[in-house]
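Participant: First, the structure itself, so that you have it in front of you.
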Amino acid sequence: MIRRWYGLLAGGTFPRTLNGPTNDPLEPRRLGRALRRAAALDERNIARALSEKRNRPVTRGEKLLARLPEAERRRIALRLQEERRGLEALDQEVVVGEALARIHCGWSAAETHRLFRLATRSSRADHPPRWTFWSAQCLELPLAALGELRTSEHAAFAPYLRVALAARLGCHAVVVAGLPQDAMEAYNERLRRPLGLPYNVDELLPPADPFAASVRCALGPDLYLPPALALVDACARLTEVRPTYAWLGRTRELLQSSPRAAGLLVPMLRAARGEPLDCTDARRHRGEFGEPSGRLLVGLAWAACMSDDSAVVRELGDSLLAVDRDLSGEGAAFFLRGGIAALAALAGEPAVGRHRRALGDPPAHVQGAARELLQQMWHLLVPGGVRALDVPVGEYLAIFRIGSDGSVELLFRNAAGRLLSRTPSKVRQRDPALHGALRARLTALRDEVTTYRGLLAERLHGDPGRPAGSWSAAHLDDPLFEPLTRALVWEADTPEGPVLGMPARRGRSSAWVLRDLRGRFHKLTETTSVRLWDPATSDAAEVSAWASAVRRRGLRQPVPQLPG
């Protein structure tokens with residue numbers, strides 16, 4: 001009965017497929033039947049040897065193939081590979097395939113290309129090949145053929161190997177349970193070795209990390225291009241939120257010499273937001289990424305700021321804004337701190353001069369994009385506080401202190417109300433996004449004050465004046481400009497005649513008045529004309545009296561109205 005069963009099994013055509021008899025059997029049919037009979041016996045003998053824990057025997061199929069000419073072996077192998085479409089084997093000829101892989105077949109480069117094209121083509125035009133349970137079987141003949149070629153010929157097959165690596169190590173791969181880890185790593189190395197990769201991709205992009213999974217998915221085979229790996233390696237080496245000059249120089253040179261590497265910045269920055277979102281296993285992209293990924297993202301942030309491309313800079317900003325500030329992981333916090341530091345350097349924020357110079361001379365629209373992003377962070381992180389000068393930051397209070405001379409400082413008070421001499425480390429480390437937004441706001445406020453001082457300087461001589469209503473709205477109602485305005489002497493045309501005074505409020509009144517040298521208050525109506533006093537139109541005694549009054553009050557003027 002057993003002999004009869006094997007006889008029936010050995011009937012039919014070669015190769016056997018999962019979907020039944022093939023529509024294009026191997027010719028001549030007699031050779032196909034001989035291969036089927038040998039395979040049936042080999043499968044039985046191999047199963048018996050495994051159950052008895054004996055070494056795997058030399059197969060009958062291997063002996064049969066050894067008697068055939070090399071050209072005939074290659075013809076059989078190509079026919080078998082045609083059933084193994086896109087890393088998804090549809091045949092049942094495992095034993096024959098293994099035998100062909102062990103025997104020398106005399107493959108040419110052209111035939112090896114054909115094997116790889118068959119193995120790595122996708123079954124769907126809009127999706128890359130997926131790694132399945134049978135994918136290693138699909139690649140055994142192409143890899144065996146590659147092994148027969150000279151090492152100097154291997155470079156031409158790199159695109160196929162990159163596709164295979166992307167499928168095997170990507171988030172679409174089907175993990176075969178029970179395989180020893182060393183065997184899996186040995187197979188991965190077999191795919192990597194012909195590429196001559198100088199980097200360990202699993203160390204740069206740990207497979208279990210959500211951001212690393214997103215990058216692998218987003219880049220696909222491009223991840224294994226030398227420029228891409230060089231960029232990932234350079235970015236992953238950062239240990240500080242602000243890199244060294246040497247690192248900035250090397251990375252800029254890489255981006256300028258390799259447009260391919262620069263083109264990968266956008267998909268890698270989008271990976272920080274969990275993209276590509278159309279991935280069938282996109283859940284692997286979500287979650288808290290680790291510290292190595294945080295370092296890599298900081299490197300990408302600085303690289304983006306050296307790209308001279310506003311679109312890349314905006315992608316960086318979108319990724320920073322997408323980070324969950326409530327995450328406690330060091331990776332997210334490090335990315336926020338480093339990313340905002342990079343944007344601040346590009347925007348020309350104070351205290352980042354040396355890094356700003358190292359970024360070169362970016363176009364004005366790129367600098368503008370960085371400033372807009374930092375301002376956007378301020379608007380999002382401090383809702384309703386666009387003009388606020390006091391901002392709660394956890395147990396601290398951030399204060400923008402405006403000096404009468406136009407100086408702007410960012411200070412902090414603790415819960416006891418004591419003014420601190422430096423930024424608390426808790427603010428920098430626990431909420432780097434808000435701290436970065438505060439720093440960006442500091443820069444913006446300084447820019448506004450500088451512009452306002454320029455306006456005052458223009459009006460110092462020959463100010464035509466304006467109605468008191470619009471004057472107070474423009475110069476005093478904004479808390480940013482009030483200290484500067486109150487340090488100056490103004491002239492008003494009241495019904496009693498021209499008066500000189502400094503802006504003040506009387507008691508609890510919200511209306512602004514002018515206070516003269518004698519301490520008298522002069523009421524201003526909505527239509528009273530007010531102008532910046534020009535000392536050149538008054539006598540020396542009056543100018544000296546006002547200069548003394550300003551000194552007694554300890555005021556420093558934003559523009560040189562009075563002699564110091």
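All residue numbers for the sequence shown refer to UniProt numbering, where the first residue is 1 and numbers rise by one.
Glycine included, every Cβ here is placed at the ideal spot set by N, Cα and C.
Given the structure is predicted, the values throughout are model-derived calculations rather than measurements.
Can you give me the C-alpha to C-alpha distance between S538 and E372, rounded to a whole angstrom?
Facilitator: Cα-Cα distance, rounded: 45 Å.
Participant: Quick check for students: name the residue ranges of the alpha helix (DSSP H) that lie wholly in the UniProt domain "DUF4132" (417 to 562), counting only runs of 4 or more.
Facilitator: Taking only runs of at least 4 residues, the alpha helix (DSSP H) segments lying wholly in the UniProt domain "DUF4132" (417 to 562) are 425 to 430, 432 to 459, 468 to 475, 482 to 485, 540 to 552.
Participant: If you run the structure through DSSP and keep just helix, strand and coil, what is Y160?
Facilitator: Correct three-state label for Y160: helix.
Participant: Please work out which residues of its chain come closer than 6 Å, Cβ to Cβ, to R506, disregarding the five sequence neighbours upstream and downstream, and give them in chain order.
Facilitator: Cβ within range, chain order: V513, F521.
Participant: Taking only the alpha-carbon atoms, compute the straight-line gap between P563 and P467 and give it to the nearest angstrom.
Facilitator: Using only the alpha carbons, I get a separation of about 28 Å.
Participant: Do the segment 521 to 537 and the segment 411 to 422 touch if we need at least three Cβ pairs shorter than 8 Å?
Facilitator: Contact between the segment 521 to 537 and the segment 411 to 422 is absent, because fewer than three Cβ pairs lie under 8 Å.
Participant: Would R515 and G465 qualify as a contact pair, given that the criterion is a beta-carbon distance under 8 Å?
Facilitator: Contact flag unset, no.
Participant: Could you say which of G106, A164, T151, V94 lies nearest to A119 if we only look at CA atoms?
Facilitator: Of the candidates G106, A164, T151, V94, the one whose C-alpha sits nearest the C-alpha of A119 is A164.
Participant: Can you tell which of H435, G403, R430, Y396 has the C-alpha that lies nearest to the C-alpha of A416?
Facilitator: It is Y396 whose Cα lies nearest to the Cα of A416.
Participant: Report yes if the C-beta distance between V313 and A369 is below 8 Å; otherwise report no.
Facilitator: In this structure, A369 lies closer than 8 Å to V313 by Cβ.
Participant: Could you give the DSSP three-state label for E83: helix, strand or coil?
Facilitator: Residue state, collapsed to three classes: coil.
Participant: Quick test of your reading: R121 and L169, contact by CB under 8 Å. State the CB separation rounded to the nearest angstrom.
Facilitator: That pair is no contact at about 19 Å.
Participant: Whole angstroms are fine: how far does the CA of R150 sit from the CA of A156?
Facilitator: Taking the straight line from one Cα to the other gives about 11 Å.
Participant: What number of angstroms, rounded off, separates the C-alpha of R486 from the C-alpha of L410?
Facilitator: So the two alpha carbons sit approximately 21 Å from each other.
Participant: How is E395 classed by DSSP in three states: helix, strand or coil?
Facilitator: E395: coil per DSSP, three-state reduction.
Participant: I'd like the span of the beta strand (DSSP E) that includes G408, first residue to last.
Facilitator: Reading off the sequence shown, one finds Val at residue 408, where the question assumed Gly. 408 to 413 is the span of the beta strand (DSSP E), which, as asked, contains V408.
Participant: Looking at the secondary structure, which residues open and close the alpha helix (DSSP H) in which D91 lies?
Facilitator: Run containing D91: none; DSSP gives neither H nor E here.
Participant: Can you find the residues in the same chain that come closer than 8 Å, C-beta to C-beta, to R453, ignoring five residues on each side of it along the sequence?
Facilitator: Here the set comprises G406, L484, P558, V559.
Participant: May I ask you to list the residues that DSSP assigns as paired with T132?
Facilitator: Partner(s): none; T132 has no beta bridge.
Participant: Can you tell me the Cα-Cα spacing of A145 and L219, whole angstroms?
Facilitator: If I take the Cα positions, the gap works out to 28 Å.
Participant: Identify, in the order they occur along the chain, each residue of the same chain with its Cβ nearer than 7 Å to the Cβ of R286, setting aside the five sequence neighbours on each side.
Facilitator: P210, G274, listed in sequence order.
Participant: My output table needs one value for T239: the three-state DSSP class, helix, strand or coil.
Facilitator: In this structure, T239 counts as coil in the three-state DSSP scheme.
Participant: Quick one: what does DSSP say G564 is sitting in, helix, strand or coil?
Facilitator: It is coil, neither helix nor strand.
Participant: Is it true that the CB of E315 sits closer than 8 Å to the CB of residue 568?
Facilitator: Given a span of 1 to 564 for the chain in the structure shown, any question on residue 568 remains unanswerable.
Participant: Which of the three DSSP states, helix, strand or coil, is assigned to F289?
Facilitator: Residue state, collapsed to three classes: coil.
Participant: Could you check if G353 is buried or exposed, using at least 16 other CB atoms within 10 Å of its CB as the buried criterion?
Facilitator: Interpretation of G353 is limited by its pLDDT of 49, a score under 50 that renders its predicted location unreliable; no figure is taken from the coordinates.
Participant: Mind checking residue 572: buried by the 16 CB within 10 Å criterion, or exposed?
Facilitator: With the chain represented from 1 up to 564, any question about residue 572 goes unanswered, as that position is not in the structure.
Participant: Given Q561, which residues of its chain have a CB within under 8 Å of its CB, disregarding the five upstream and five downstream residues?
Facilitator: Within the same chain, Q561 has close Cβ partners L460, L488, V489, L532, W533, P535.
Participant: Beta-carbon within less than 6 Å of M268's beta-carbon, same chain only, minus the 5 sequence neighbours each way: which residues are those?
Facilitator: So the qualifying residues of the chain are V215, L300.
Participant: Please check the pair R74 and E111, which I expect to be a contact at CB under 8 Å, by giving their CB distance rounded to whole angstroms.
Facilitator: With 8 Å as the limit, R74 and E111 qualify as a contact, their Cβ atoms being about 6 Å apart.
Participant: Under the three-state reduction of DSSP, which class applies to T251: helix, strand or coil?
Facilitator: The answer is helix: DSSP assigns T251 an H, G or I state.
Participant: Within the same chain, show all residues whose beta-carbon is closer than 6 Å to that of T251, passing over the 5 residues directly before and after it, in chain order.
Facilitator: Closer than 6 Å at the Cβ level, and outside the excluded window around T251, lie A234, A303.
Participant: Please return the same chain residues whose Cβ sits closer than 7 Å to the Cβ of P276, not counting the five positions on each side in sequence.
Facilitator: The answer, listed in chain order, is C217, A218.
Participant: Tell me the rounded alpha-carbon separation between P495 and G403.
Facilitator: P495 and G403: Cα-Cα distance of roughly 33 Å.
Participant: First and last residue of the alpha helix (DSSP H) that includes E153?
Facilitator: Neither: E153 is in no alpha helix (DSSP H) and is coded neither H nor E.
Participant: Would you mind working out which of R401, T244, W247, L238 sits nearest G331, comparing C-alpha positions?
Facilitator: For the residues R401, T244, W247, L238, the minimum Cα distance to G331 belongs to L238.
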